[in-house]
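Protein chains in written order, with the working numbering: chain A, 25 to 232; chain B, 25 to 232.
Here is the structure we will look at.
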DNA sequence: TTAGATAATGAACCTTTATTCATTTATATT
DNA sequence: AATATAAATGAATAAAGGTTCATTATCTAA
């Protein structure tokens, strides 16, 4: 038994423990309940009932209520960021990269409305308890920084942009659009907002 | 005694009751405590202690804990929107109006950080309990709509703008910038972001 | 098949905290 | 000053709900 097999075994254990069917069931149920009632109003009993298990069972898979939210966001963040990285790679230049990123962002959130709601409203609370997800948007903002800097090198974006402001500007606007969509109960197609939105980023209200 | 004096008296009473020193003290204390701990973790005792009154006293001025948050947001919203309307009026054209609006927005939030924090994180909760503040951002969005439409008439803004998207885009971006400022513990000057931000709205990342 | 280990249960426990209200203090009136 | 009215107090109450753990069910391996 060498180090490698040890690592494998370790992964196996954590796989069995972390990705068991029940674990996922609980996590999804929690997502639904948190999204519906908000973290504080949601109760352990509600989540347990939704998952079809006893209250005590949650504590076999999670440390406490906070931990459930933390794991939920952790997990979703990983999935989404993986997708975003792939999306950005598809672009051949800064403009394309930005377009793919925004499309991906809206697609992922449209496909997982519970996540969208929770990200929108509970992330600030998490910041208090777990700084491991130190900046949930850090990675996103870094992605944006890279794109903008590339755009400046390519000459497709202005040289005088204050990158720190621009990336916040971009993220804020997407979040705003998502937030509206959530409030409207997801009644329209969110992804179709991507291109007009990127268009706004690039050419602004004035146009050329 | 005519109708007018009756109204005056009515106002006087409500002034005495609603704007008493103690009422304001409690409201401000609540703002500080809510901002620091978040609505749910904040306790009545903390707020009372901060205001230098007994726990029970809060219930002479407010219906319950929810009501304190509701009144806080209600009050701040009124003040800020009044300022915003004044600011917008100062602009002679759409572009100026937008500029004054954003400057005002950032100024007000910079001057009242507790409000900024609470608006950023607790507004969603309020939506659940009190739909009287139906759309806390509704008025703001309407202001923006008017500005954009005026800009289109003046010819300073593109005709093909989807106003519903644009206003969300603008509000989202300001909120994003404020949110970052809050996270940074207000260590830099928020208001100085106004002009670069409006610049981005108008001419975008590409520039002319 | 059966013993031993593991997983699941859910009622009881216990802490927390919003709210109440009998009592006390302050204010206004005659 | 005496009385009436209003304001404030803070200890007691009660409800909620997160967490525990003794008990039961399920699974595993020999």
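Glycine included, each C-beta is placed from N, C-alpha and C at the ideal position.
Note that the structure is a prediction, hence the values are computed from the model and not measured.
Which residues of chain A have a Cβ atom closer than 7 angstroms to the Cβ of residue 94 (chain B), listed in chain order? Residues of chain A passing the Cβ test: none, with the nearest at roughly 16 angstroms.
Anything in chain B within Cβ reach of residue 201 (chain A), meaning under 9 angstroms, just list it in chain order. 189, 192, 193 and 196
Could you name each continuous alpha helix (DSSP H) segment of 4 residues or more that falls completely within the region 139–220 of chain A, going from the start of the chain to the end? Whole alpha helix (DSSP H) segments, 4+ residues: 162–178 and 187–207.
According to the neighbour-count rule (16 or more other Cβ atoms, all chains shown, within 10 Å of its Cβ), is residue 143 (chain A) buried or exposed? The residue in question, residue 143 (chain A), is buried, as its Cβ has 16 or more Cβ neighbours within 10 Å.
So the alpha helix (DSSP H) residue 94 (chain B) belongs to, where does it begin and stop? 89–114
Sorted by chain position, which residues of the same chain lie with C-beta nearer than 8 angstroms to residue 124 (chain B)'s C-beta, five sequence neighbours on each side aside? 111, 112, 114 and 115
Flag residue 232 (chain B) as yes if its beta-carbon sits less than 8 angstroms from any beta-carbon of chain A, otherwise no. Yes, its Cβ sits closer than 8 angstroms to a Cβ of chain A.
Report yes or no: do three or more beta-carbon pairs, one from the region 125–133 of chain B and one from the region 216–232 of chain B, lie closer than 8 angstroms? yes
Residue from B:78, B:211, B:55 and B:174 whose Cα sits closest to the Cα of residue 98 (chain B): B:55
By alpha-carbon positions, which one of B:90, B:221 and B:190 ends up nearest to residue 176 (chain B)? Put simply, of B:90, B:221 and B:190 the residue whose alpha carbon is nearest the alpha carbon of residue 176 (chain B) is B:190.
CB contact flag (residue 214 (chain A), residue 133 (chain A), <8 angstroms): Contact: yes.
Are the C-beta atoms of residue 115 (chain B) and some chain A residue less than 8 angstroms apart? no
Got a sec? Which residues, its chain only, sit under 6 angstroms from residue 168 (chain A) by beta carbon, not counting five neighbours each side? 191 and 194
Indicate whether residue 82 (chain B) and residue 63 (chain B) have their beta-carbon atoms separated by less than 8 angstroms. no
Spatial neighbours of residue 78 (chain B) within its chain, please: CB distance less than 8 angstroms, with the 5 preceding and 5 following residues excluded, ordered by chain position. 72
For residue 179 (chain B), tell me which candidate among B:108, B:74, B:118 and B:52 has the shortest Cα-Cα distance. B:118
Residues near residue 181 (chain A) in its chain [Cβ-Cβ closer than 7 angstroms; skip 5 each side]: 118, 172 and 175
What does residue 180 (chain B) touch in chain A if you count any residue whose Cβ is under 8 angstroms from its own? 230
Using DSSP with H/G/I as helix, E/B as strand and the rest coil, what is residue 62 (chain A)? coil
Element boundaries [alpha helix (DSSP H), containing residue 135 (chain B)]: Segment 118–135, the alpha helix (DSSP H) holding residue 135 (chain B).
Under 7 angstroms between beta-carbons, which chain B residues line up against residue 64 (chain A)? List them in chain order, please. 64
Closest residue to residue 91 (chain B) among B:149, B:137 and B:145 (Cα-Cα distance): B:149
When B:161, B:70, B:170 and B:231 are compared against residue 185 (chain A), the one with the closest alpha-carbon: B:231
Cβ-based neighbour list, residue 89 (chain A), same chain, cut-off 7 angstroms, excluding 5 preceding and 5 following: 68
Do you know how far the Cα of residue 48 (chain B) is from the Cα of residue 75 (chain A)? In this model, residue 75 (chain A) and residue 48 (chain B) are separated by some 46 angstroms (Cα to Cα).
Roughly how many angstroms lie between the CA atoms of residue 200 (chain A) and residue 217 (chain A), to the nearest whole one? 12 angstroms
Contacting positions in the region 215–229 of chain B - beta carbon closer than 9 angstroms to chain A: 217, 220, 221, 223, 224, 225, 226, 227, 228 and 229
Work out the CA separation of residue 209 (chain A) and residue 41 (chain B) for me, nearest whole Å. Bear in mind that the predicted position of residue 41 (chain B) carries a pLDDT of just 39, short of 50, making it unreliable; the figure below should be weighed with that in mind. Spanning the two alpha carbons is a distance of roughly 40 angstroms.
Taking residue 59 (chain A) as the reference, give the member of A:166, A:138 and A:206 with the closest Cα. A:138
Identify the contact partners of residue 7 (chain B) in chain A, using a Cβ-Cβ distance below 7 angstroms as the criterion. For chain B, the structure presents residues 25 to 232; residue 7 (chain B) sits outside this window and is missing.
Using CA coordinates, which residue listed in A:122, A:164 and A:196 is at the minimum distance from residue 106 (chain A)? A:164
Compare the C-beta of residue 76 (chain A) against all C-beta atoms of chain B and say whether one is closer than 8 angstroms. no
For chain B, find out if any of its Cβ atoms is closer than 8 angstroms to the Cβ of residue 185 (chain A); answer yes or no. yes
Taking the straight line between their C-alpha atoms, what separation do you get for residue 87 (chain B) and residue 141 (chain A)? 29 angstroms
Considering only the alpha carbon of each residue, which of A:212, A:46 and A:45 lies closest to residue 131 (chain A)? A:212
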